[in-house]
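Take a look at the structure below.
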Amino acid sequence: MNDKKKHKKRHSRNREFLVVTYSFLALFLCLSGYLCYFIAYQSSDFITSSYNKRASALSATTIRGDILAADGTVLATSSVDENEEETREYPTGELFSHVVGYYYNGRSGLEKDANYLLLDSHEDYLEQFQYTLQGKKVQGDSVVTTLDTNMQQIAYNDMGNYNAAVIAMDPETGAILCMLSKPFFDPNTLKDQWEDVVGDASSSRLINRCTQGLYAPGSTFKIVTALAYLRQGGSLDDTFSCSGSKEVNGLTFHCYNGTAHGSMDLRKAFAKSCNVTFGTIGMNLDLDDYHKTAEDLLFNQDLPVQMNVYNTSSFDVDRNTASDLVFQTAFGQGHTLVTPLHMSMIVSAIANDGVLMRPYLIDHSQNMQGVVVKEFHPEKAKTLMTTEEAAQLQELMRGVVTSGTATALNSDLYEAYGKTGTAEFNADKEEAHSWYVGYATNGSKKLAIAVIVEEADRSSSMSIPVVKDIFDYYFSY
Ligand SMILES: [Zn+2]
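Start counting the sequence shown at 633; every next residue gets the next number (the working numbering).
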């Protein structure tokens, strides 16, 4: 072999070597890039999804963290036996059942939404190392919620044996203080009673009625109709007249108890919840604009919330809708469906001068020593209406308390605003669902609320006592 040939061979070997090296380098960079991307963007979603190997691998090395109320009350905790077997316990039992959720046959509520935070551990590294050497699990971080134990207990006591939903939030931050859904399940015994609870279709006990319960809005929808009317040039001073009923397309619609409200302005029509006035307003609206106003208020839309599981509300009136259906829809019947969570967001935005803050339940996570690991700050979600529009709706909602259907909420401690509603769910039944949506303020803080009591009497007063008790509690400290 001459020198030239030798050189050529060496040269080609070098090339092979370089190709291999660069291929490995490229592969390495790809993998590290993906790993960085995974850690930064994907791992949280990956661990949060209910069934996957990574989450179960983490739960094999980490004791699932606690879920706490804002005052430190333990809502969910895990105990470990000598074989490192974990048992999930819920010291407050059924009180927080839907909002805290369950951890069996999948997950729900905070057990689902906070899964990643609960399986993460920020224990001291030396201790983590020690535990790992001893084959023991490390303690996962705790999740501290915005929930107020006393307020939840008030809602629980007041709702008695009714199926109901109560949700209350701070409209200036979006922090949810109370989220109660009845009937309950007991998360401590859910495993043993799973078949019974799931099989009980009539009461759908696993459904969180605040976030998943879809109801006819009843007269609470007059808030939406009023806003659409104001946006189309209507005024609070416009006058209307009511003889107690009105016929549209051969169907007769009545005001409550057939009451003739006579001549009145928009304030009084709203305070007295006059169906004839609001039905007539609806029929005279530009229906495409009416549709747009409803969608501006997040009907037919995903909700900007921290929770992953909820139902979207629906509103289907447009230019093709028959006038009798428009009439009914405008005062709250028809096909419209809404969740209590969504109604609480609409009244929160009104209370907050048009700006909706993103509702949230998880305030922060912390390690075993109480050192904050991850914090969630109040976030502006969307401007639902102008400040002027919010002020006009505030005026209408104040009239409901000073001289309308919710005078029981007059108090020296706070100024209350709201709208009552009665939602028919079966025309043949005497009972109807009783709504209250609104808020109160004492000048330094505010609380927005939405309540529905199922199959109550038709006076729509069933939902008011719990609102009063919650306001009385919140504004007394
Ligand atoms: Zn009327």
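Ideal Cβ placement from N, Cα and C applies to all residues, glycine included.
- Per the coordinates, the alpha-carbon of Asp703 lies some 21 angstroms from the alpha-carbon of Asp790.
- With fewer than 16 neighbouring CB atoms inside 10 Å of its own CB, Ser1108 falls in the exposed class.
- Below 8 angstroms, enough C-beta pairs join the region 964-975 and the region 1072-1091 to call them touching: three or more.
- Relative to ligand 1, the nearest heavy atom lies less than 7 angstroms away from the CB of Cys906.
- In the three-state reduction of the DSSP assignment, Ala800 falls in the strand class, which pools E and B.
- When Glu1021, Phe1057, Ser774, Tyr736 are compared, the shortest CA-CA separation from Leu838 is found for Tyr736.
- Ser711 is positioned such that its CB atom lies no closer than 8 angstroms to that of Leu751.
- Asp756 and Asp698 have their C-alpha atoms some 18 angstroms from each other.
- About 2 angstroms separates the CB atoms of Ala962 and Gly914; that is less than 8 angstroms, so the two are in contact.
- Secondary structure note for Arg720: its beta strand (DSSP E) is the uninterrupted segment 718-721.
- In this structure, Asp956 sits away from Leu859, with a CB-CB distance that is not shorter than 8 angstroms.
- In this structure, Gly876 has its CB closer than 7 angstroms to one or more heavy atoms of ligand 1.
- Put simply, the region 828-838 does not touch the region 1033-1048. Fewer than three CB pairs are less than 8 angstroms apart.
- Ile1096 and Lys900 have their C-alpha atoms some 20 angstroms from each other.
- The three-state secondary structure of Leu846, taken from DSSP, is coil.
- Relative to ligand 1, His923 has its C-beta separated by 7 angstroms or more from all heavy atoms.
- When the Cα atoms are used, Gln760 and Thr971 turn out to be separated by approximately 44 angstroms.
- In the DSSP assignment, Gly1070 falls within the unbroken beta strand (DSSP E) covering 1064-1073.
- Annotation for His893 indicates a beta carbon within 7 angstroms of some heavy atom of ligand 1.
- Looking at the backbone, the Cα of Lys1051 and that of Ile786 are separated by about 21 angstroms.
- Between Thr781 and the set Asp818, Pro815, Ser729, Asp828, the nearest pair of CA atoms involves Ser729.
- Partner residues in the beta bridge of Ala1048, as assigned by DSSP, are Ala1072.
- According to the DSSP assignment, Met977 belongs to the alpha helix (DSSP H) that extends over 972-983.
- Each of Glu716, Ala1064, Asp995, Gly850 was checked against the Cα of Ser774, and the nearest Cα belongs to Asp995.
- Annotated as proximal: Gly986 and Thr1015, with beta-carbon spacing under 8 angstroms.
- According to the DSSP assignment, Ser955 belongs to the alpha helix (DSSP H) that extends over 955-963.
- Residue environment: Thr694 is assigned as buried (16 or more neighbouring CB atoms within 10 Å of its CB, all protein chains considered).
- Within the chosen limit of 7 angstroms, ligand 1 does not reach the beta carbon of Thr871 with any heavy atom.
- Asp802 and Lys823 have their C-alpha atoms roughly 35 angstroms apart.
- Rounded to whole angstroms, the gap between the alpha carbons of Asp934 and Gly964 is 21 angstroms.
- Counting along the chain, no beta strand (DSSP E) covers Lys854; the unbroken alpha helix (DSSP H) around it starts and ends at 854-863.
- Thr961 has its CB no nearer than 7 angstroms to any heavy atom of ligand 1.
- The nearest non-hydrogen atom of ligand 1 is less than 7 angstroms from the C-beta of Thr909.
- In the DSSP annotation of this structure, the continuous segment of the alpha helix (DSSP H) that includes Ser1035 starts and ends at 1019-1035.
- Taking a C-beta distance under 8 angstroms as the contact criterion, Ala1080 and Val979 qualify as a contact pair.
- Cβ contact annotation for Met783 (same chain, cutoff 8 angstroms, sequence separation greater than five): Ala800, Leu809, Cys810, Ile1102, Tyr1105, Tyr1106, in chain order.
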